[in-house]
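Novice:
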């Protein structure tokens, strides 16, 4: 089977890379992936794959039914770009000002299309079904496109038993990494408004300084991780945006702040929101300020199923060799709405290495100079094909 996969990947790889470059040149933001989704659907239909458009907005679903009934697995890729100007010198760099595929979703999409090309020729060797899910709006935390696709029934007809997805990563080319349990962080947001009382800057005693209160809130929030969380656990609480004041000699009567919270453990996630709200309330009360604190739950922890992770790892070993499989020691701090699938069916999310001599300084995602070594694309296709086939053709439930 490995030789057959290699031959089918080699047969299709030039077309897959051409599609990747076309998508890279024409990036679209979340829920605006009209051109991308149309191209995806057209390619699936050319393969004779049953295709649904406009699922969860701009999402596309392709269904390959094996010749023998069995389980159903989702293979998922995200399609949206980021609001960045591209600074690379690629011949196929973004043609759209202010938009760039700086998180590799063009690569994810092309890998999944390549996987569909291979699987469409292996129907007689598939026991069960494969749903190819091309998802919009992964970058649109806290909503994201996964929820909308699930609401539109992507987990039904046929009922889905498992899900698999990958993400390009700063790992050596040729390697993949995975782990059981949490692999991507819970990603939440904080919105804080503090209201004081304005006065002349030379008469601060006549007012209530919202900036001073905000400064104390920010420093007090830093004590959550250092003093309230078990040092064996982990969390991130960061304020990244603050606005307040209108003039240098006027005491500010209002400050607004926004921040992010990253969590790696469900127990910690259950206590952090109240800790933040208590600090904001108590500090503002001490300074005589009114306040509002809104905690928005974003993407949940992405948790890999233990048993399925072991199966997927073994599939990867067969096609890449044990030396190229990395068992990650801790989750990444990024958020990922593949968590919506993982909450509902046994799932595995893994990282695909893209770092080589050609991009070693520019393989960090969300970077205007981000580069992918395209030799990772056939590796992504091969790992997805192997994991899906082994899962479906194994009689374990």
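Residue numbers (this note's numbering): 167 to 563.
Where a beta carbon is used, it is the ideal one built from N, C-alpha and C, also for glycine.
Starting from the C-beta of residue 195, find all residues in its chain whose C-beta is less than 7 Å away, skip the five residues before and the five after it, and write them out in chain order.
Specialist: 246, 247, 249 and 265
Novice: Which residues bound the beta strand (DSSP E) around residue 388?
Specialist: Run containing residue 388: none in the beta strand (DSSP E); it sits in the alpha helix (DSSP H), 376 to 389.
Novice: By how many angstroms is the C-alpha of residue 207 removed from the C-alpha of residue 186?
Specialist: 15 Å
Novice: Touch check for the region 271 to 282 and the region 296 to 305: three-plus C-beta pairs under 8 Å?
Specialist: yes
Novice: Exposed or buried, residue 396, counting other C-beta atoms within 10 Å across all chains shown (16 or more means buried)?
Specialist: Exposed, by the Cβ-count rule.
Novice: First and last residue of the beta strand (DSSP E) that includes residue 270?
Specialist: Run containing residue 270: none; DSSP gives neither H nor E here.
Novice: In angstroms with no decimal places, state the Cα-to-Cα distance between residue 432 and residue 505.
Specialist: 13 Å
Novice: Using the beta-carbon count (16 or more within 10 Å), is residue 333 buried or exposed?
Specialist: buried
Novice: Got a sec, what are the start and stop residues for the alpha helix (DSSP H) residue 554 sits in?
Specialist: 542 to 559
Novice: Return the Cβ separation of residue 179 and residue 462 in integer angstroms, given the expectation that the two are a contact with Cβ distance under 8 Å.
Specialist: With 8 Å as the limit, residue 179 and residue 462 do not qualify as a contact, their Cβ atoms being about 42 Å apart.
Novice: Which residues in the same chain as residue 199 place their Cβ atom closer than 7 Å to its Cβ, once the five residues preceding and following it in sequence are excluded?
Specialist: 224, 245, 246 and 302
Novice: Which two residues bound the contiguous beta strand (DSSP E) that contains residue 423?
Specialist: 420 to 429
Novice: Just the C-alpha distance for residue 371 and residue 529, rounded to the nearest angstrom, thanks.
Specialist: 52 Å
Novice: Determine whether the beta carbon atoms of residue 213 and residue 296 lie at a separation below 8 Å.
Specialist: no
Novice: I'd like the ranges of any beta strand (DSSP E) spanning at least 3 consecutive residues and lying wholly in the region 286 to 359.
Specialist: 293 to 301, 328 to 338, 342 to 344 and 347 to 350
Novice: Going by DSSP in three states, residue 195 sits in which element: helix, strand or coil?
Specialist: Residue state, collapsed to three classes: coil.
Novice: Of all the options 539, 541, 558 and 535, which has the alpha carbon lying nearest to the alpha carbon of residue 253?
Specialist: 535
Novice: Relative to the C-alpha of residue 467, which residue among 479, 510, 234 and 425 is closest?
Specialist: 510
Novice: What are the boundary residues of the beta strand (DSSP E) that includes residue 402?
Specialist: 401 to 410 is the span of the beta strand (DSSP E), which, as asked, contains residue 402.
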